[in-house]
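*Asks:* I am attaching a structure below and will ask some questions about it afterwards.
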Amino acid sequence: SSEVVCTHCPLGQRGRRCEICDDGYFGDPLGLSGAPQPCQRCQCSGNVDPNAVGNCDPLSGHCLRCLHHTTGAHCERCQDGFYGNALAPRPADRCTPCDCHPEGSVSEQRTCDPVT
61 SSEVVCTHCP
71 LGQRGRRCEI
81 CDDGYFGDPL
91 GLSGAPQPCQ
101 RCQCSGNVDP
111 NAVGNCDPLS
121 GHCLRCLHHT
131 TGAHCERCQD
141 GFYGNALAPR
151 PADRCTPCDC
161 HPEGSVSEQR
171 TCDPVT
């Protein structure tokens, strides 16, 4: 066949024409959904399993599998019911369960400030 197939795609790209971002990368290298966007590594703040597949959306880069009770497009904040610094260097120092006393809580849900 006379079809051209790429054998040395740039880092983060794959496919016959390097048209797909690798797992863990996002973008649109051929501009199939608009202006071409180079594949970039997903930024999930260290709050995903690096060995797992499907950690982020291949077009938007939004993180899909946040760990350590984190949430957000980049796993950058604590989930409801947890507080702390989702970006702390050690996972053990990140998001801690809320332990609000019902007598001092504003609502019955007892959610706490996500940072303090």
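Adding 60 to a residue's 1-based position in the sequence shown gives its number in this note's numbering. For every residue, glycine included, the Cβ atom is placed at its ideal position computed from N, Cα and C. Remember, it's a predicted structure, so these values are computed and weren't measured experimentally.
Let's test the definition: count the other Cβ atoms within 10 Å of the Cβ of HIS134 and tell me whether it reaches 16, buried, or not, exposed.
*Replies:* Counting Cβ neighbours within 10 Å, HIS134 comes out buried, since at least 16 surround it.
*Asks:* Under 7 Å Cβ to Cβ from TYR85, same chain only, skipping five residues before and after it: list those, please.
*Replies:* Only GLY72, CYS99, GLN100, ARG101 and CYS102 meet the Cβ criterion.
*Asks:* Start and end of the beta strand (DSSP E) containing GLY144?
*Replies:* First-last of the beta strand (DSSP E) with GLY144: 142 to 144.
*Asks:* Check each candidate in ASN107, PRO70 and HIS129 and name the one with the smallest Cα separation from PRO149.
*Replies:* Considering only alpha carbons, the answer is ASN107.
*Asks:* State the beta-bridge partners of PRO98 as determined by DSSP.
*Replies:* Note: PRO98 sits in no beta bridge, so no partner.
*Asks:* Less than 8 Å between the CB atoms is what I'm expecting for LEU127 and ASP109, so what's the real figure, rounded?
*Replies:* Yes, they are in contact, since the Cβ atoms of LEU127 and ASP109 sit about 6 Å apart, within 8 Å.
*Asks:* Using CA coordinates, which residue listed in GLU79, CYS138 and GLY94 is at the minimum distance from CYS104?
*Replies:* Selected option, being the one with the closest Cα: CYS138.
*Asks:* Could you pull the DSSP bridge partners for ASP88 from this structure?
*Replies:* GLN97, per the DSSP bridge assignment.
*Asks:* Is PRO157 helix, strand or coil when you go by DSSP?
*Replies:* Note: PRO157 maps to strand in three-state DSSP.
*Asks:* Cutting at 6 Å between CB atoms, please list the residues of its own chain near CYS69, excluding the five before and the five after it.
*Replies:* The residues are CYS78.
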